[in-house]
Structures are given as C-alpha cells and as structure tokens.
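Here the sequence shown stands for residues 4 to 223, numbered as in my numbering. No residue lacks a Cβ here, since even glycine has one placed at the ideal position from N, Cα and C. Below you'll find the structure, written out as structure tokens, and then a few comments.
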Amino acid sequence: MKQILIACGMLEDEINALYRELDCKIPVIWVERGFHNSPGSLKEKLQELIDQNQDCDEILLSFGLCGNGTEGLMSRKTTLVMPKFDDCIQMLLCDGNRSCRSFTEPGSIYLTRGWTLDSEAILSQYETYIETYGEESAEAILEMMYGHYEAVTVIDTGYSELSSVMEYAEKAAELLELSTRTVKGFVCILRQLLTGCWEENFIVKKPGEPVKQSDFEIKN
Numbered sequence: 004m005k006q007i008l009i010a011c012g013m014l015e016d017e018i019n020a021l022y023r024e025l026d027c028k029i030p031v032i033w034v035e036r037g038f039h040n041s042p043g044s045l046k047e048k049l050q051e052l053i054d055q056n057q058d059c060d061e062i063l064l065s066f067g068l069c070g071n072g073t074e075g076l077m078s079r080k081t082t083l084v085m086p087k088f089d090d091c092i093q094m095l096l097c098d099g100n101r102s103c104r105s106f107t108e109p110g111s112i113y114l115t116r117g118w119t120l121d122s123e124a125i126l127s128q129y130e131t132y133i134e135t136y137g138e139e140s141a142e143a144i145l146e147m148m149y150g151h152y153e154a155v156t157v158i159d160t161g162y163s164e165l166s167s168v169m170e171y172a173e174k175a176a177e178l179l180e181l182s183t184r185t186v187k188g189f190v191c192i193l194r195q196l197l198t199g200c201w202e203e204n205f206i207v208k209k210p211g212e213p214v215k216q217s218d219f220e221i222k223n
C-alpha cells in the first residue's frame with residue numbers, strides 16, 4: 004500500500020512530533036502556510052499535488068474545508084482521505100468526541116506556534132500596515148479587524164514549545180487590548196489520519212469522487 008501525506012505547514016510541529024512518536028514512514032509533501040489566506044490558490048496547489056501523485060494508492064490530506072479551499076478536490080486514480088473539520092484549529096480542539104461542528108468561541112483569536120509564523124499573523128500584519136499606511140492608520144485597521152474579539156487564546160497541544168507562543172500572544176493581546184488564555188489542544192485527529200483510523204471524523208473519497216462542502220456536515 005503506497006501512501007503519501009500532503010500536509011499543512013500550520014501543523015508542522017504536531018505532525019513532526021507524531022511521526023517520531025509513531026515511527027511513521029509515510030512520505031510528506033509540505034504546503035506552505037501562506038496558501039491559507041487564499042482558498043482559491045490553496046485549491047489550485049492541492050489539486051496540482053494530487054495530480055502529481057497518482058501513482059499512490061491513498062493520498063492523505065491534513066486539511067479541512069479551509070474556507071472552501073478543498074471543495075471540489077478530486078483524485079482520479081487514488082483514494083483521497085481528509086479530516087471532516089472546517090480547519091486545523093477545529094482539529095486541534097477536538098478530543099475525538101465530535102458532537103458539534105465548531106469547537107471555537109466567537110470572541111477568541113486562536114494561536115498555535117504555526118499560526119504565529121504565518122505572514123498574515125497579527126504582529127506581522129501590524130508591521131506591514133505601519134510600513135504601508137503609518138502607525139495611526141495601522142492601529143485603526145487592526146481595530147476594524149479585531150475590535151470585536153475579547154481574547155487571544157493559545158492552544159497547547161503539548162507538541163510544540165509553548166513559551167514563545169505565549170510571548171507572542173501577550174504582545175498581540177497588549178496591542179489589541181485583549182486578554183490572554185490557554186486551552187488544551189489534542190492531536191488525536193492527526194494521529195487517526197496517520198494510523199488509518201478513518202471513521203466518523205474523516206472523509207474518504209474513492210477515485211473520481213469530488214470533495215463536497217456537504218461532506219463536512221455532522222450527520223446525527
């Protein structure tokens with residue numbers, strides 16, 4: 004059985020740790036973080052990688068719906084497997100018991116180390132806006148973008164260095180005048196993906212079957 008994993012760079016810490024823990028030998032193709040900011044470009048990139056690996060039996064994706072960036076993906080000759088979640092934040096907040104679609108709170112900005120490294124992360128955005136528009140306008144833009152949030156929430160999966168993420172969260176929270184908090188994260192969904200435990204938490208598409216938005220709904 005030949006498998007390949009197409010993995011999101013946002014989850015690099017967690018996936019690399021699981022590979023060591025499981026002694027996993029599945030080859031990985033990493034997709035850089037920036038594609039998250041453009042669902043159309045993400046879909047184009049993922050479809051290109053799927054098309055390039057049609058000599059596999061199974062292609063695993065560590066992506067969720069991702070702003071509809073995976074809707075319509077299709078593997079002509081191979082089985083396609085992906086978590087049934089809206090995005091990787093939802094995956095990391097799920098302890099395996101999936102009784103609801105969303106695990107996030109509307110007033111929280113969620114951070115992992117992967118998210119702090121993204122070019123569109125809060126502090127990077129602020130620096131870009133200062134260079135482009137000046138400090139006063141940059142602060143006004145951030146207020147418009149994040150003014151309705153209440154907290155910067157760090158997801159602690161135990162699989163990445165937490166102190167640097169907390170330092171980032173505190174700086175971001177100070178800038179946005181928000182509180183900080185930490186919640187427990189989980190890697191059980193990623194572990195299930197890598198070990199073939201594809202039950203209710205996963206979408207498994209036969210060759211030629213496209214991924215549909217409706218596949219991500221929870222059926223009670």
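Three or more beta-carbon pairs under 8 Å between the region 19 to 35 and the region 195 to 208, yes or no? Three or more pairs of CB atoms, one per stretch, sit closer than 8 Å, so the region 19 to 35 contacts the region 195 to 208.
In angstroms, rounded to a whole number, what distance separates the CA positions of Val214 and Thr183? Here the alpha carbons of Thr183 and Val214 stand approximately 36 Å from one another.
Which one of Val190, Ile9 and Glu164 has the shortest CA to CA distance from Leu3? The structure shown does not extend to residue 3, since the chain spans only 4 to 223, so no value can be given for it.
Quick one: what does DSSP say Ile221 is sitting in, helix, strand or coil? Coil at Ile221, not helix or strand.
Enumerated in chain order, which unbroken segments of the alpha helix (DSSP H) with a length of 4 residues or greater are wholly contained in the region 27 to 56? Within the region 27 to 56, the complete alpha helix (DSSP H) runs of at least 4 residues are 42 to 55.
Please classify Cys103 as buried or exposed, where buried requires at least 16 neighbouring CB atoms within 10 angstroms. Taking every protein chain shown into account, the CB of Cys103 has fewer than 16 other CB atoms within 10 angstroms, so this residue is exposed.
Rounded to whole angstroms, how far is the Cβ of Cys59 from the Cβ of Ile7, which I believe are closer than 8 Å? A Cβ-Cβ separation of about 5 Å places Cys59 in contact with Ile7 under the 8 Å criterion.
Taking Cβ positions, are Cys69 and Phe189 nearer each other than 8 Å? Here Cys69 is not near Phe189, since their CB atoms are 8 Å or more apart.
Rounded to the nearest angstrom, what separates Gly161 and Lys5 at their Cα positions? Rounded to whole angstroms, Gly161 and Lys5 show a C-alpha spacing of 30 Å.
Go ahead and pull the three-state DSSP assignment for Lys174. Note: Lys174 maps to helix in three-state DSSP.
From Thr119, Leu52, Ile206 and Thr107, pick the residue whose C-alpha is nearest to that of Met13; which is it? Looking at the Cα atoms, Thr119 is the closest of the given residues.
C-alpha distance - Ser167 paired with Met147, whole-angstrom precision: So the two alpha carbons sit approximately 27 Å from each other.
Using the Cβ count rule (16 or more neighbours within 10 Å means buried), how would you classify Lys208? Per the 10 Å Cβ criterion, buried.
Determine the direct distance from the alpha carbon of Ile18 to that of Gly150, and round the result to whole angstroms. Computed Cα separation, rounded: 33 Å.
For Glu61, which beta-bridge partners are listed by DSSP? Gln6 and Thr82.
Less than 8 Å between the C-beta atoms of Leu181 and Val155, yes or no? Judged by beta-carbon spacing, Val155 lies within the 8 Å limit of Leu181, meaning their Cβ atoms are closer than that value.
Let me check you understand the geometry: is the CB of Cys200 closer than 7 Å to at least one non-hydrogen atom of the ligand GDP? In terms of ligand content, the structure shown is empty, and the ligand GDP therefore cannot be addressed.
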